[in-house]
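Chains as they are written, first to last, in the working numbering: chain A, 667 to 680; chain B, 22 to 278.
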């Protein structure tokens with residue numbers, strides 16, 4: 667999806 | 022042994038309606054404190070977090086922490102068979118690969134049980150720290166749903182801007198542009214009709230309307246929606262579930278071209 671950051675890039679994996 | 026009895030069964034039906042199109046498969050986590058879920062959509066762009074606290078259930082028994090993988094489409098098919106006034110009980114035995122949904126009519130003259138197969142789901146659990154938001158908007162959920170629906174007939178993205186004047190929702194597309202401004206309005210008959218804006222600093226962010234419209238499927242869960250915005254952070258669109266918890270949706274702002 668164009669210009670859409672993934673949610674992964676904001677939160678650390680627990 | 023797991024046994025959760027929810028008198029207001031329609032809540033669970035509404036939760037599934039709210040999230041089933043966004044998430045295909047998810048692990049429902051059950052602990053002594055509540056029934057919860059965290060899952061990403063298939064493209065890993067949006068995140069949904071659900072919490073139903075134990076005290077919202079008439080009976081809540083969870084002997085040990087358990088994670089139950091379910092296909093939400095299949096779960097929704099089962100819950101659609103419950104009446105809106107039915108009491109819903111979820112049951113699972115330790116080590117079982119099925120979950121049972123029991124539906125009781127309010128006057129107890131009809132009792133149904135539906136057994137659904139569980140599945141193994143590999144999912145990442147993200148840690149979401151508490152954050153300070155630049156602006157928090159609380160508004161009627163139906164109004165927010167209407168705005169997202171209206172704007173999506175004109176454009177693909179919405180710019181949400183919060184200033185001391187109010188909150189502005191803007192879009193543009195091939196046919197033209199649209200701007201909808203909602204001003205703070207606390208002089209209403211009922212508190213759920215108010216629009217309340219808490220702003221630390223002005224913020225303006227762009228989001229995909231497709232996802233916003235998907236989040237708005239949670240509208241029947243709550244009269245109000247809370248939108249928390251900060252630059253550099255995903256927006257949090259929260260629908261509180263009365264006395265029980267919440268459904269929260271997280272979506273990162275689009276990067277400006």
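C-beta atoms are modelled at their ideal positions from N, C-alpha and C, and glycine is treated no differently.
So residue i contacts chain A; which residues on that side make the cut at Cβ distance below 9 Å?
| i | result |
| --- | --- |
| residue 271 of chain B | 673, 676, 677 |
| residue 147 of chain B | 673, 674, 676, 677, 678, 679, 680 |
| residue 61 of chain B | 672, 673, 674 |
Going by DSSP, name the residue or residues bridged to residue i.
| i | result |
| --- | --- |
| residue 216 of chain B | B:206 |
| residue 26 of chain B | B:80, B:110 |
| residue 49 of chain B | B:58, B:89 |
| residue 269 of chain B | B:70, B:259 |
| residue 201 of chain B | B:190 |
Rounded to whole angstroms, what is the Cα-Cα separation between residue i and residue j?
| i | j | result |
| --- | --- | --- |
| residue 102 of chain B | residue 48 of chain B | 22 Å |
| residue 215 of chain B | residue 168 of chain B | 16 Å |
| residue 98 of chain B | residue 91 of chain B | 12 Å |
| residue 196 of chain B | residue 181 of chain B | 20 Å |
| residue 113 of chain B | residue 242 of chain B | 26 Å |
| residue 260 of chain B | residue 177 of chain B | 23 Å |
| residue 56 of chain B | residue 24 of chain B | 11 Å |
| residue 163 of chain B | residue 677 of chain A | 30 Å |
| residue 116 of chain B | residue 145 of chain B | 22 Å |
| residue 137 of chain B | residue 147 of chain B | 27 Å |
| residue 225 of chain B | residue 156 of chain B | 10 Å |
| residue 94 of chain B | residue 100 of chain B | 10 Å |
| residue 60 of chain B | residue 123 of chain B | 25 Å |
Verify the CB distance criterion: does residue i have a CB-CB separation below 8 Å to chain D?
| i | result |
| --- | --- |
| residue 276 of chain B | Of the protein chains in the structure, A and B, none is chain D. |
Taking 8 Å as the limit between beta carbons, can you name the residues of its chain near residue i, skipping five residues before and five after?
| i | result |
| --- | --- |
| residue 127 of chain B | 106, 107, 108 |
| residue 193 of chain B | 175, 176, 199 |
| residue 184 of chain B | 220, 223 |
So residue i contacts chain A; which residues on that side make the cut at Cβ distance below 8 Å?
| i | result |
| --- | --- |
| residue 67 of chain B | 673 |
Name, please, each residue of chain A whose Cβ falls closer than 7 Å to the Cβ of residue i.
| i | result |
| --- | --- |
| residue 254 of chain B | 676 |
To which residues of the same chain is residue i closer than 7 Å at the C-beta, ignoring the five residues directly before and after it?
| i | result |
| --- | --- |
| residue 291 of chain B | In this structure chain B extends from 22 to 278, so residue 291 of chain B is not present and cannot be described. |
| residue 43 of chain B | 62, 67, 69, 235 |
| residue 161 of chain B | 213, 214, 244, 245 |
| residue 275 of chain B | 178, 227, 228, 229 |
Whose C-beta lies closer than 6 Å to the C-beta of residue i among residues of the same chain, with five residues either side of it excluded?
| i | result |
| --- | --- |
| residue 46 of chain B | 92, 142 |
| residue 249 of chain B | 154, 157, 257 |
Whole runs of the beta strand (DSSP E) within the segment 130–197 of chain B, excluding any shorter than 3 residues = The qualifying runs are 132–138, 156–161, 178–184, 187–194.
Any alpha helix (DSSP H) of 4 or more consecutive residues that is wholly inside the segment 57–129 of chain B = Correct list: 93–100.
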